[in-house]
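A.B. asks: FYI, my numbering numbers position 256 of the sequence shown as 257, with every residue one higher than the one before it.
Sharing a structure, written as structure tokens. Questions coming.
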Amino acid sequence: MGPETYTEKWLLQQIDSTLAFYYPTCIDEENGGYHHRFYDNGELSSDTTKHLVGTSRFIYNFSIGAILGRGGFCKDAAEHGLRFLQEYHQDKVNGGYFWSLDGQEVTVDKKYAYGHAFVLLAASKAYEAGIDWARDVVESVYQVLEKHFWEAPYQLYADELTADWSEMSEYRGQNANMHMCEAMMAAYEATSDRKYLERAYEIADAVTGRLAAQTKGLIWEHYTTDWQPDWTFVETEESKQEFRPHGFVPGHSIEWSKLLLMLDRHISEPWILDRAVHLYQEGFQKGADMEYGGIIYSISADKVMMDTDKYYWVQAETFGASALLAAKLGNPAYWQRYKAMLDYCSDNFIDQEHGGGWFNMLFRDNLRQSPIKSEKAKADYHPIANYYETLRAMGAV
Numbered sequence: 002m003g004p005e006t007y008t009e010k011w012l013l014q015q016i017d018s019t020l021a022f023y024y025p026t027c028i029d030e031e032n033g034g035y036h037h038r039f040y041d042n043g044e045l046s047s048d049t050t051k052h053l054v055g056t057s058r059f060i061y062n063f064s065i066g067a068i069l070g071r072g073g074f075c076k077d078a079a080e081h082g083l084r085f086l087q088e089y090h091q092d093k094v095n096g097g098y099f100w101s102l103d104g105q106e107v108t109v110d111k112k113y114a115y116g117h118a119f120v121l122l123a124a125s126k127a128y129e130a131g132i133d134w135a136r137d138v139v140e141s142v143y144q145v146l147e148k149h150f151w152e153a154p155y156q157l158y159a160d161e162l163t164a165d166w167s168e169m170s171e172y173r174g175q176n177a178n179m180h181m182c183e184a185m186m187a188a189y190e191a192t193s194d195r196k197y198l199e200r201a202y203e204i205a206d207a208v209t210g211r212l213a214a215q216t217k218g219l220i221w222e223h224y225t226t227d228w229q230p231d232w233t234f235v236e237t238e239e240s241k242q243e244f245r246p247h248g249f250v251p252g253h254s255i256e257w258s259k260l261l262l263m264l265d266r267h268i269s270e271p272w273i274l275d276r277a278v279h280l281y282q283e284g285f286q287k288g289a290d291m292e293y294g295g296i297i298y299s300i301s302a303d304k305v306m307m308d309t310d311k312y313y314w315v316q317a318e319t320f321g322a323s324a325l326l327a328a329k330l331g332n333p334a335y336w337q338r339y340k341a342m343l344d345y346c347s348d349n350f351i352d353q354e355h356g357g358g359w360f361n362m363l364f365r366d367n368l369r370q371s372p373i374k375s376e377k378a379k380a381d382y383h384p385i386a387n388y389y390e391t392l393r394a395m396g397a398v
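Have a look at this one:
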């Protein structure tokens, strides 16, 4: 059984309209790479920041378009970004990738595991999309991660280092590792090299097993250097708060559920499905807003609603995880959840007026917060990724 609404055809139309919202406006002919910050109507803001995550997410989006045989521009648009990534984001002296640029000038030279996870994801999908030289990028970023970020005793990645790799932050976080798991699976699917799959497995087991067990089944975001929960950490630097959220984040439990189901395609062990179901149910039960719809952003350490705003990515991960659970378990209740979430997103997040793209963030009652549709690291990667994974779960890809 599959969904009666939001079918394969609808998902492909959404991918098309999302790519069409950004392309060709996003292509920066002057500096290379992409323009990152868009108003609702598709106009660019004056901000010329180029974020490593945003650049990588655009490469991912266009690579997915090429893999699916959508617009003929997709492969060229992906390669355009990959060239910029290698030419300007890459640190040619010390290796690795700078966090942000203004035009072509480096503004934040620190090295973050989160950013490198997205480089690996982008290069993997670019290679799968037929950009042959992306294979070398996949291998080289893996080696950088292995040399500087990987903490073998914990089977997890550290978070932040200085540009020359000489100083490592004491901060440890699950968010970078979650996206590293996703990227390692993409690298395996693109190259068939099992070292990537084995690494994805190790990370998934460490986070959803060992770390989750320390915090009674939900996944805490922040950790000490020996990977114990850091209950007191609060990120004060505004530009990093998006990547180091405060509290338990129900959307991350749901996203982990989806990633475990993706892992299950390649390594099927009972614990993987058990944890996927558990994390989905926990995230949904703790995060579902029964009054206004959707999933709230965060809850406190004692499981009380904290940040009740609605973030686009949380809703996207929820429809994706619902679809993967429905396909895996053959349980129509998950298809109903998938439909209900996409009903909510169609009513509130998917911009019907301007023909594509998702609004970034809404207040709890679903009112708009800003006329900026896409911030510098957004690029609608989460909706496209979940449209794509849902298509795979349906057997359409």
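The C-beta atom is built at its ideal place from N, Cα and C for all residues, glycine as well.
Using only CA atoms, which one of VAL142, TRP314, SER57 lies nearest to LYS374?
C.D. replies: The shortest C-alpha separation from LYS374 is found at TRP314.
A.B. asks: Could you say which of MET395, ALA378, ALA289 lies nearest to PHE119 if we only look at CA atoms?
C.D. replies: Among MET395, ALA378, ALA289, the Cα nearest to that of PHE119 belongs to ALA378.
A.B. asks: Quick one: is ASP77 buried, meaning 16 or more other Cβ sit within 10 Å of its Cβ, or exposed?
C.D. replies: Exposed.
A.B. asks: Using DSSP bridges, identify the partner residues of MET362.
C.D. replies: In DSSP, MET362 forms a bridge with TYR312.
A.B. asks: Is the beta carbon of SER125 closer than 9 Å to that of ALA207?
C.D. replies: Contact flag unset, no.
A.B. asks: Just curious, the beta strand (DSSP E) that ASP352 is in, first and last residue?
C.D. replies: Note, ASP352: premise wrong, no beta strand (DSSP E); not H, not E.
A.B. asks: Can you check which of these residues, GLY66, HIS81, THR26, HIS36, is closest to PRO384 by C-alpha distance?
C.D. replies: It is GLY66 whose Cα lies nearest to the Cα of PRO384.
A.B. asks: For GLN156, which three-state DSSP category applies?
C.D. replies: The answer is coil: DSSP assigns GLN156 none of H, G, I, E or B.
A.B. asks: Going by DSSP, which residues form a beta bridge with ALA289?
C.D. replies: In DSSP, ALA289 forms a bridge with ILE296.
A.B. asks: Can you give the Cα-Cα distance for TYR197 and ALA386, rounded to whole angstroms?
C.D. replies: Approximately 19 Å, taken between the alpha carbons.
A.B. asks: Alpha carbons only, please: which of HIS52, ASP290, TYR113, GLY288 is nearest the one belonging to LEU1?
C.D. replies: Residue 1 cannot be examined here, being either before or after the span of the chain that is shown, 2 to 398.
A.B. asks: Where does the unbroken beta strand (DSSP E) through ILE373 begin, and where does it stop?
C.D. replies: That run of the beta strand (DSSP E) goes 373-375.
A.B. asks: Does the distance from the CB of TYR155 to the CB of ASP227 come in under 9 Å?
C.D. replies: In this structure, ASP227 lies closer than 9 Å to TYR155 by Cβ.
A.B. asks: Provide the residue(s) that pair with LEU69 in DSSP beta bridges, ordered along the chain.
C.D. replies: None, per the DSSP bridge assignment.
A.B. asks: Taking Cβ to Cβ, would you say ALA380 is nearer than 9 Å to GLY174?
C.D. replies: No, the pair does not count as a contact, with Cβ atoms beyond the cut-off.
A.B. asks: Determine the contact status of ILE300 and LYS287, defining contact as a CB-CB distance below 9 Å.
C.D. replies: Going by C-beta atoms, ILE300 is nearer than 9 Å to LYS287.
A.B. asks: Do the stretch 96-112 and the stretch 38-53 meet, that is, are 3 or more Cβ pairs less than 8 Å apart?
C.D. replies: Yes, since at least three Cβ pairs between the stretch 96-112 and the stretch 38-53 fall closer than 8 Å, the two stretches touch.
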